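The next block holds one structure in the form of structure tokens; read it before the comments.
Numbering (our numbering), first residue to last: 331 to 614.
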């Protein structure tokens with residue numbers, strides 16, 4: 331799906347598989363079972379180490395090596411980086427060559443370049459295991475506000491005279507939470523201003539007791555309804571729906587939220603190549 335300045339490809343089914351990529355940045359955020367479409371990703375950001383999110387990593391690394399692709403950078407919560415390295419090293423004698431990758435332990439406050447104009451910025455999330463979400467920021471060059479309205483020749487004259495006429499401005503184009511409790515929206519309010527917010531919403535009705543929803547570290551639709559006025563994103567994309575929901579149910583269950591929030595509301599497919607759940611227009 332193309333949304334604003336970013337392309338999001340992927341799918342997510344709670345407990346089964348989650349894999350998302352931004353192809354123009356060669357970036358994957360979680361890899362699920364390691365589908366071949368992820369081979370083009372030179373950057374892999376893992377939100378946490380549950381197998382429905384990282385199980386396919388060894389396969390992807392092995393296949394990239396077979397195809398003589400360079401070792402990717404793998405961003406992972408710092409607390410689990412040693413265990414991830416140990417797991418990959420354990421595959422070496424079985425595969426007969428190393429699982430080549432550059433593991434980057436991420437911490438709050440870190441910033442990791444994705445080419446010339448983009449960077450990956452992690453933020454803490456709230457799941458039973460160490461976890462981070464990620465924001466992609468893009469740096470653009472803008473005219474200094476105090477020079478706005480000046481004619482072009484005057485700006486060119488200032489530039490020739492050695493004056494700095496531009497300033498770097500950062501735009502958060504995409505935030506991806508991974509699995510988390512809704513308190514991420516309260517503790518990390520900056521993600522509510524991203525151009526696109528890809529947010530988990532595992533449970534949508536009363537088929538799962540709320541105590542169990544929260545024990546698993548997940549979001550319920552009612553959590554988002556209670557915060558409907560807070561969303562200032564251009565588009566909110568929900569994902570990680572529980573297996574208890576049939577794909578055709580999802581759009582209808584999300585309709586009340588679509589009517590309550592300002593952003594455009596969309597939903598990530600639940601299967602590879604599957605259709606995007608359709609939310610009734612106007613939340614009806």
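Backbone N, C-alpha and C fix where the C-beta goes; we use that ideal spot for every residue, glycine too.
Just so we're clear, the structure is a prediction, and the values are computed from it rather than from any experiment.
Residue 285 (DSSP reduced to helix, strand or coil): There is simply no residue 285 to check, as the chain begins at 331 and stops at 614 in what is shown.
Terminal residues of the alpha helix (DSSP H) in which residue 388 lies: 387 to 396
Contact under 8 Å by Cβ, residue 461 with residue 508: yes
Presumed contact (8 Å Cβ cut-off) between residue 598 and residue 566, rounded CB distance: Contact doesn't hold; Cβ gap of about 11 Å is too wide.
Identified DSSP bridge partners for residue 349: 341 and 361
Short CB-CB distance (under 8 Å) between residue 602 and chain C: Any reference to chain C falls outside this structure, which holds one protein chain only.
The stretch 553 to 567 / the stretch 582 to 597 touching (three or more Cβ pairs under 8 Å): yes
Through-space distance from residue 334 to residue 588, alpha-carbon basis: 19 Å
Own chain residues within Cβ distance below 7 Å of residue 345, not counting five before or after: Excluding its 5 nearest sequence neighbours in each direction, residue 345 has C-beta neighbours in its own chain below 7 Å: 382 and 573, listed in chain order.
As assigned by DSSP and simplified to three states, the class of residue 505: strand
Residue 544 - containing alpha helix (DSSP H), residue span: 540 to 545
Contacting residues, own chain, Cβ-Cβ under 8 Å from residue 614 (five flanking each side not counted): Because residue 614 sits at a pLDDT of 46, beneath the cut-off of 50, its placement in the model cannot be relied upon, and the following sentence gives the value as read from the coordinates. So the list reads 585 and 589, once near-sequence residues are dropped.
C-alpha gap between residue 540 and residue 409, whole angstroms: Distance between the alpha carbons of residue 540 and residue 409: 29 Å.
Under 8 Å between C-beta atoms of residue 459 and residue 380: yes
Anticipated Cβ contact below 8 Å, residue 361 with residue 384, distance rounded: 6 Å
From 611, 377 and 577, residue whose alpha carbon lies closest to that of residue 600: 577
Contacts around residue 347, its chain only, beta-carbon distance under 6 Å, and the 5 residues preceding and following it disregarded: Cβ neighbours of residue 347 beyond the five flanking positions: 362, 363 and 382.
Cutoff 6 Å; reference residue 342; Cβ partners in own chain excluding five residues on either side: 348, 569, 570 and 598
Simplified DSSP state of residue 468, which is helix, strand or coil: strand
Span of the alpha helix (DSSP H), counted from its first residue to its last, around residue 383: 381 to 384
Simplified DSSP state of residue 404, which is helix, strand or coil: strand
Backbone secondary structure at residue 614 - three-state DSSP: Since pLDDT at residue 614 reaches only 46, below the 50 mark, its modelled position is unreliable, and no value is offered.
DSSP three-state assignment for residue 463, whether helix, strand or coil: strand
Cβ-based neighbour list, residue 431, same chain, cut-off 6 Å, excluding 5 preceding and 5 following: 391, 401, 402 and 404
Same chain, Cβ closer than 6 Å to residue 505, neighbours up to 5 away in sequence not counted: 465, 521, 524 and 527
Proximity of residue 388 and residue 418 at Cβ, strictly below 8 Å: yes
Coarse secondary structure for residue 532, derived from DSSP in three states: coil
Buried or exposed by the 16-neighbour rule on C-beta atoms within 10 Å, applied to residue 443: Classification for residue 443: exposed.
Residues near residue 369 in its chain [Cβ-Cβ closer than 8 Å; skip 5 each side]: Cβ within range, chain order: 390, 393, 394, 397 and 399.
Residue(s) in a DSSP beta bridge with residue 450: In the DSSP output, where bridge partners are listed per residue, residue 450 has 442 and 466.
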